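K.L.:
Here you go, one structure.
There are 2 protein chains.
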Amino acid sequence: MAGAVGGGRGCVTLHGAQIRDLLDAKHNVLFDCDGVIWNGETAVSGAPEVVTLLKQRGKRVFFVTNNCTRPRENYVQKFSRLGFTDVAEEEIFSSAYCSAAYLRDVARLQGKVYVIGCGGVMKELRDAGVPVVEEEDAEPGASIYNCPLDPDVKAVLVGYDENFTFMKLAKACCYLRNSECLFLATDPDPWHPLRGGRITPGSGSLTAALETASSRKATVIGKPSRFMFECIASQFDLDPARSLMIGDRLETDILFGSNCGLATVLTLTGVSTLEEALAYRDSQEPQQKDCTPDYVVDSVADFLQALEE
Amino acid sequence: MAGAVGGGRGCVTLHGAQIRDLLDAKHNVLFDCDGVIWNGETAVSGAPEVVTLLKQRGKRVFFVTNNCTRPRENYVQKFSRLGFTDVAEEEIFSSAYCSAAYLRDVARLQGKVYVIGCGGVMKELRDAGVPVVEEEDAEPGASIYNCPLDPDVKAVLVGYDENFTFMKLAKACCYLRNSECLFLATDPDPWHPLRGGRITPGSGSLTAALETASSRKATVIGKPSRFMFECIASQFDLDPARSLMIGDRLETDILFGSNCGLATVLTLTGVSTLEEALAYRDSQEPQQKDCTPDYVVDSVADFLQALEE
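Chains as they are written, first to last, in our numbering: chain A, 2 to 310; chain B, 2 to 310.
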């Protein structure tokens, strides 16, 4: 049992009593959302009950998502809609919220942000009091050769944006010619699964375009970067040794846990597979090892029995 | 003099007699266009005369450009407009033309191409008889979740596209889920200079977005890949040892020359600088060494005196 609870990155598949022991040892549970507690608009079976029972057992629960499309208040609505009845806005840390916090509290930005991103990012920036460039409607005849550039822009932030265009890319590129202009990305996710076997490009894809065009590298706010954990810890005084990260994506969620000194659980209801986890475990590369989860469960529903006893 | 003519990648600045000796040793001269013989709509001073005199001296002249925005017939018009009076369509090898040649002659594509690119690419594909997906106007309500995908698509080709959108990226991404679908890029250029200090993202930027989203690597047709030289050689029986490549970009033009076994000349009327060339020369990395030009001139006009004698 000690092996299961205290062991290093062993990809140990957890059962019954092992889950109970693990939960006894931890006080804070961090969940990724997509692929872990829900898939699109469908809750993972048992996930709402797991969250409720964790809280009833005195655990602190947080939701840490690279998804930047919704402001936190919309997340509260989604939680409620999918049967999670006791999730508060303060427990939700999205890459949009954390990007706004970074610009306000860490970078202490003096100027405007040019945003490639959707409503969720814009709303969080405005709520944080960070000035953004208000995109004018495309003027007839405006082109990359003559479009106006705002001289107050001191940061470019890239997130998921279904309205991404060449013009936005070109403008961002011009702003980044100024080496004092910050270059941030909400998250590194390369793509996201859609229904019916389709996928959609993620923030990481749009960021790659801008990195190539600007010959610069973005500072990435979302997982696996440590910043989102620092953001939570600054508000809730978390001890990494007593915290557990549960996620479905090895290269973001699990690596994030490793980077922050958290125990990690891979759940198999999302993107990554057990085979991929075992390949990381057996790799000789230290960086690949860090993508190996400590533990594996089929679903967060596996926690139910341990919590109901 | 032997050093200047036959020496290896020495960044030798060429003068008078050295230029004459170099030209005596070569039969074929390959020019990049942007930044070498013209900048935008302005010919580099003396460049039209150099081309004419090379031909009068019995040299074969080719134009090898990563620019994919124009079909070859438009290039002929541009040459004429800028004072190059004796350039024929067969001497112009653009990445758009060579991409179409690759799909027809090398890949022998059985199916359609989904194109991210501009009119130049579409025209060359049609001229080569390669079927392309005709992009319908955006239907109201069409989204990445429900837009139609053409089952006959067997290749995705990415080039410079000022009408690039998230939807195009997402569609290309879905096509590339089929591992038998080819993934080509016209060229790797990350950005291009515009007037007034602005830059515009290049094909390489858009390709990076799609590579990240699809977890695949594109086959790049343009310089520095060898394919464009093979394309010329298949039509004109070139001896690399008797061929000279003149370009302004170390990472594309000069590396292309090195990759194909050509002598290389950097001209300083475009993107790269002498300092960058010397840094490559002094690097310990073999791949960086290959970006070192054999010779350097301020401008192709430096060839004039040697040719006029």
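We put the CB at the ideal spot given by N, CA and C, even for glycine. On a predicted model such as this, the values are computed, not experimentally measured, just so you know.
Quick one: complete beta strand (DSSP E) runs, 3+ long, within the stretch 195–272 of chain A?
P.N.:
The stretch 195–272 of chain A contains, as complete beta strand (DSSP E) runs of 3+ residues, the segments 200–202, 244–248 and 264–268 (chain order).
K.L.:
Kindly confirm or deny that the stretch 230–248 of chain B and the stretch 193–201 of chain A touch, where touching means at least three C-beta pairs closer than 8 Å.
P.N.:
Inter-segment contact for the stretch 230–248 of chain B and the stretch 193–201 of chain A is absent: fewer than three beta-carbon pairs are separated by less than 8 Å.
K.L.:
Taking only the alpha-carbon atoms, compute the straight-line gap between Q78 (chain A) and D106 (chain A) and give it to the nearest angstrom.
P.N.:
When rounded, the distance between both Cα atoms is 27 Å.
K.L.:
I'd like to check one pair, V45 (chain B) with W39 (chain B): are the Cβ atoms closer than 8 Å?
P.N.:
In contact: W39 (chain B) and V45 (chain B) (Cβ atoms closer than 8 Å).
K.L.:
Mapping the DSSP letters down to three states, classify M2 (chain A) as helix, strand or coil.
P.N.:
Confidence at M2 (chain A) is low in this model, with a pLDDT of 35, below 50, so the placement of that residue should be treated as unreliable; the coordinate-derived value is given next. M2 (chain A): coil per DSSP, three-state reduction.
K.L.:
Run down chain B in chain order and give the residues with a C-beta less than 9 Å from the C-beta of S284 (chain A).
P.N.:
None at all; the shortest Cβ gap to chain B is about 18 Å.
K.L.:
Quickly, what does DSSP pair D87 (chain B) with across the bridge? List them, please.
P.N.:
According to DSSP, which records beta bridges pairwise, D87 (chain B) is partnered with nothing at all.
K.L.:
State yes or no: is the C-beta of R10 (chain A) within less than 8 Å of the C-beta of D295 (chain A)?
P.N.:
yes
K.L.:
Residues in its own chain within less than 6 Å of R73 (chain A) by CB, not counting five upstream and five downstream?
P.N.:
E90, I93 and Y98
K.L.:
List the whole-angstrom C-beta distance separating V266 (chain A) from V298 (chain A), where the pair is believed to meet the contact cut-off of C-beta under 8 Å.
P.N.:
6 Å
K.L.:
Taking only three categories from DSSP, how would you classify S95 (chain B)?
P.N.:
For S95 (chain B), the secondary structure class from DSSP, reduced to helix, strand or coil, is strand.
K.L.:
Output needed for A101 (chain B): all residues of its chain with C-beta closer than 6 Å, excluding positions within five of it in sequence on either side, in chain order.
P.N.:
E125, L126, A129 and V131
K.L.:
Could you tell me which of A:L150, A:A143 and A:T220 sits nearest to G198 (chain B), measuring between CA atoms?
P.N.:
A:L150
K.L.:
With a threshold of 6 Å on Cβ separation, who are the neighbours of G223 (chain B) within its own chain once the five nearest residues in sequence on each side are excluded?
P.N.:
Short of 6 Å from the beta carbon of G223 (chain B), and not among the five residues preceding or following it, lie these beta carbons of its own chain, in chain order: N67, S96, T187 and D188.
K.L.:
Taking the straight line between their C-alpha atoms, what separation do you get for K56 (chain B) and L24 (chain B)?
P.N.:
12 Å
K.L.:
Does V122 (chain B) come out as helix, strand or coil in the three-state DSSP assignment?
P.N.:
helix
K.L.:
Figure out for me which residue from B:L251, B:T274, B:A302 and B:T213 has the closest Cα to the Cα of Q288 (chain B).
P.N.:
B:L251
K.L.:
Taking Cβ positions only, does G271 (chain A) come closer than 8 Å to chain B?
P.N.:
no
K.L.:
If I follow the unbroken alpha helix (DSSP H) through R21 (chain B), where does it start and stop?
P.N.:
G17 to A26
K.L.:
Are the CB atoms of A156 (chain A) and C182 (chain A) within a distance shorter than 8 Å?
P.N.:
In contact: C182 (chain A) and A156 (chain A) (Cβ atoms closer than 8 Å).
K.L.:
Report, in whole angstroms, the separation of the C-beta atoms of Y161 (chain B) and C119 (chain B), which I expect to be a contact under 8 Å.
P.N.:
About 6 Å separates the two Cβ atoms, so the contact holds.
K.L.:
Give me, in chain order, the residues of the same chain whose beta-carbon lies closer than 7 Å to that of C174 (chain A); leave out the 5 immediate sequence neighbours on both sides.
P.N.:
L211, A214 and S215
K.L.:
Determine which residues share a DSSP beta bridge with L32 (chain A) and list them.
P.N.:
The sequence as given places Phe at residue 32 (chain A); Leu does not occur at that position. Looking at the DSSP assignment, F32 (chain A) forms a beta bridge with A:F64 and A:I247.
K.L.:
Which two residues bound the contiguous beta strand (DSSP E) that contains F184 (chain B)?
P.N.:
Counting along the chain, the beta strand (DSSP E) containing F184 (chain B) begins and ends at L183 to A186.
K.L.:
Which residues mark the beginning and the end of the alpha helix (DSSP H) in which L275 (chain B) is found?
P.N.:
L275 to D283
K.L.:
Is there a C-beta anywhere in chain B that falls below 8 Å from the one on E163 (chain A)?
P.N.:
yes
K.L.:
I want to see whether chain B comes within less than 8 Å of W39 (chain A), judged by CB atoms only; does it?
P.N.:
no
K.L.:
So, are the CB atoms of F32 (chain B) and V62 (chain B) less than 8 Å apart?
P.N.:
yes
K.L.:
Could you work out which residues of chain B lie near Y176 (chain A), taking near to mean beta carbons separated by less than 9 Å?
P.N.:
The contacting residues do not exist; Y176 (chain A) stays about 11 Å from chain B at best.
K.L.:
For a cutoff of 8 Å on Cβ pairs, would you count S216 (chain A) as touching chain B?
P.N.:
yes
K.L.:
Relative to the ligand FMN, is the shortest distance from any of its heavy atoms to the C-beta of V221 (chain B) smaller than 7 Å?
P.N.:
With respect to small molecules bound, the structure shown includes none, and the ligand FMN cannot be examined in it.
K.L.:
Are the beta-carbon atoms belonging to K27 (chain B) and S244 (chain B) less than 8 Å from one another?
P.N.:
Contact: yes.
K.L.:
Hey, F257 (chain B) and T220 (chain B): beta-carbon distance below 8 Å or not?
P.N.:
no
K.L.:
Is the beta carbon of F165 (chain A) less than 8 Å from the beta carbon of I200 (chain A)?
P.N.:
no
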